[in-house]
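J.: Input: one structure, supplied below.
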Amino acid sequence: MTLLLKLDPAQARDYSMMIQSVGMTCATFTIAWMGITVEWNSIIFCTIGAGVGIIFGLENVDNWLSGPEKKMLFVSIWVSFAISLWLLNSEDDRHAHDRIQNMSITKAVVLLVTGFIGGLCTAFAGSGVDICSFSILTLLFRVSEKTATPTSIVLMAVNSITGFFWRCFVMDAINPVVWMHFSTSVPIVVVVAPLGTLLASHFHRLVLATFVYVLEALALIGFLVTGPPWYLILTGAGIIVFSLVFFNTVSRIGKWWDKRYDPVALPA
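Numbering (the numbering used here), first residue to last: 39 to 306.
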């Protein structure tokens with residue numbers, strides 16, 4: 039939206055939440071209708087944390103960052119996640135589960151914090167809680183991408199509605215231009231989003247992971263195409279390195295948890 043249609047980052051953020059509130063809700067209906075497995079612990083606890091994060095982010099954090107800084111943060115963090123996921127899938131002995139094993143209070147707190155951080159990302163970028171949940175589910179809890187993907191869709195639906203509601207009815211700050219783009223796009227997403235969910239349910243988890251790699255690579259290219267100043271590029275590179283260390287640490291903790299409890303795993 040910012041590259042092709044030259045929308046202001048705030049307008050692009052609003053459009054993203056608005057269109058996701060429709061498309062991802064339709065996709066969620068498809069998930070429920072097909073009986074696709076989702077991780078309910080993640081949906082419940084991440085949504086609670088994300089609700090607080092979105093509201094706090096819209097009212098406060100969004101005003102602290104410029105448009106280019108928001109892009110840099112979002113792209114840098116998730117490019118490093120894509121690299122970490124690739125490294126994880128390179129392991130020959132990776133176990134992939136259909137849900138979180140041995141759910142505990144500690145894991146619930148992790149999901150709450152994950153949701154809050156994802157809500158902050160959603161507040162300035164239009165999405166974030168979905169990829170935050172996806173990253174923790176796959177790296178820390180060793181949940182299969184086959185479960186993490188539909189779980190992310192449900193989270194996106196619920197939390198996009200929260201953000202849309204807050205911007206529209208509480209802040210009353212949605213630009214008429216955004217409404218125009220939204221009304222034009224709705225007839226398309228109500229068909230394409232459920233169709234995408236249907237197709238994704240038949241893909242191998244490694245195919246879904248490949249989509250993540252490609253999307254994050256395109257996001258990085260898109261950020262560089264905007265011609266950001268060198269200080270943002272260098273800062274982004276530093277964040278990628280730091281985040282890569284963080285995600286690899288999370289992955290190692292997940293591997294330790296996996297071996298400690300030795301649960302029954304699904305075939306990779």
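Glycine included, every Cβ here is placed at the ideal spot set by N, Cα and C. These numbers were taken from a predicted model, which means no experiment stands behind them.
(1) I'd like the span of the alpha helix (DSSP H) that includes G166, first residue to last.
(2) In the DSSP output, which residue or residues are listed as bridge partners for V113?
(3) Tell me the residue span of the alpha helix (DSSP H) that contains S223.
(4) Name the DSSP bridge partner or partners of V181?
(5) Alpha carbon to alpha carbon, how far is T248 from I278?
(6) Rounding to the nearest angstrom, what Cα-Cα distance links L96 and V250 in this structure?
(7) Taking Cβ to Cβ, would you say T337 is nearer than 7 Å to I92?
(8) Can you name, in chain order, every residue of its own chain whose Cβ lies under 7 Å from the Cβ of S289, other than the five neighbours on each side?
(9) Does the separation of the CB atoms of R132 and E183 fall below 7 Å?
(10) Among H135, N286, G164, which residue has its Cα nearest to the Cα of A50?
(11) Quick check: the stretch 280-296 against the stretch 156-171, are at least 3 beta-carbon pairs closer than 8 Å?
(12) Under 6 Å Cβ to Cβ from D52, same chain only, skipping five residues before and after it: list those, please.
(13) What distance in whole Å lies between the Cβ atoms of S59 and F162, which are believed to be in contact at a cut-off of 8 Å?
(14) Taking the alpha-carbon positions, what's the A48 to G105 distance?
(15) Can you give, in chain order, each stretch of the alpha helix (DSSP H) that sits fully within the stretch 68-97 and has at least 4 residues?
(16) Starting from the C-beta of M110, find all residues in its chain whose C-beta is less than 6 Å away, skip the five residues before and the five after it, and write them out in chain order.
(17) In this structure, does DSSP put D52 in helix, strand or coil?
(18) Can you tell me whether DSSP reads G309 as helix, strand or coil?
(19) State the Cα-Cα distance for the pair E107 and L253, rounded to the nearest angstrom.
(20) In this structure, how does DSSP classify D296 when only helix, strand and coil are distinguished?
(21) One question on the structure: do V167 and T160 come within less than 7 Å of each other, judged by their Cβ atoms?
T.: Taking the geometry as given:
(1) The residue given as residue 166 occupies position 128 in the sequence shown. G166 -> no alpha helix (DSSP H), and no H or E assigned at all.
(2) For the purposes of this step, residue 113 is taken as the residue at position 75 of the sequence shown. In DSSP, V113 forms no bridge with anything.
(3) In the sequence shown, the residue the question calls residue 223 occupies position 185. Unbroken alpha helix (DSSP H) run through S223: 214-238.
(4) Walking along the sequence shown from the start, residue 181 turns up at place 143. Answer is H135.
(5) Residue mapping note: residue 248 aligns to position 210 of the sequence shown, counting from 1. Residue mapping note: residue 278 aligns to position 240 of the sequence shown, counting from 1. Put simply, the backbone Cα of T248 is about 19 Å away from that of I278.
(6) In the sequence shown, the residue the question calls residue 96 occupies position 58. In the sequence shown, the residue the question calls residue 250 occupies position 212. When rounded, the distance between both Cα atoms is 26 Å.
(7) The structure shown does not extend to residue 337, since the chain spans only 39 to 306, so no value can be given for it.
(8) Along the sequence shown, one-based indexing puts residue 289 at 251. Result list for S289: S122, L126, L177, in chain order.
(9) What you label residue 132 is simply residue 94 of the sequence shown in a count that begins at 1. What you label residue 183 is simply residue 145 of the sequence shown in a count that begins at 1. Against a cut-off of 7 Å, the Cβ pair of E183 and R132 comes out as no contact.
(10) For the purposes of this step, residue 50 is taken as residue 12 along the sequence shown, with counting starting at 1. That would be G164, whose Cα lies nearest to the Cα of A50.
(11) no
(12) In the sequence shown, the residue the question calls residue 52 occupies position 14. Excluding sequence neighbours, D52 sits near R205, I212, V216.
(13) The residue you call residue 162 lines up with position 124 of the sequence shown. The residue you call residue 59 lines up with position 21 of the sequence shown. Wrong, their Cβ atoms sit about 17 Å apart, outside the cutoff.
(14) Here residue 48 is taken as the residue at index 10 of the sequence shown, counted from 1. Here residue 105 is taken as the residue at index 67 of the sequence shown, counted from 1. Roughly 8 Å between the two C-alpha positions.
(15) 78-97
(16) Here residue 110 refers to the residue found at position 72 of the sequence shown. Result list for M110: L270, G274, in chain order.
(17) As a position in the sequence shown, residue 52 is number 14, starting the count at 1. It is helical.
(18) Because the chain is modelled from 39 through 306, residue 309 falls outside the range shown and cannot be assessed.
(19) Residue mapping note: residue 107 aligns to position 69 of the sequence shown, counting from 1. Residue mapping note: residue 253 aligns to position 215 of the sequence shown, counting from 1. Near 20 Å, if we compare the C-alpha coordinates of L253 and E107.
(20) Reading the sequence shown from its first residue, position 258 is the one you call residue 296. Helix at D296.
(21) Start at 1 with the first residue of the sequence shown, and residue 167 comes out as number 129. Start at 1 with the first residue of the sequence shown, and residue 160 comes out as number 122. Yes.
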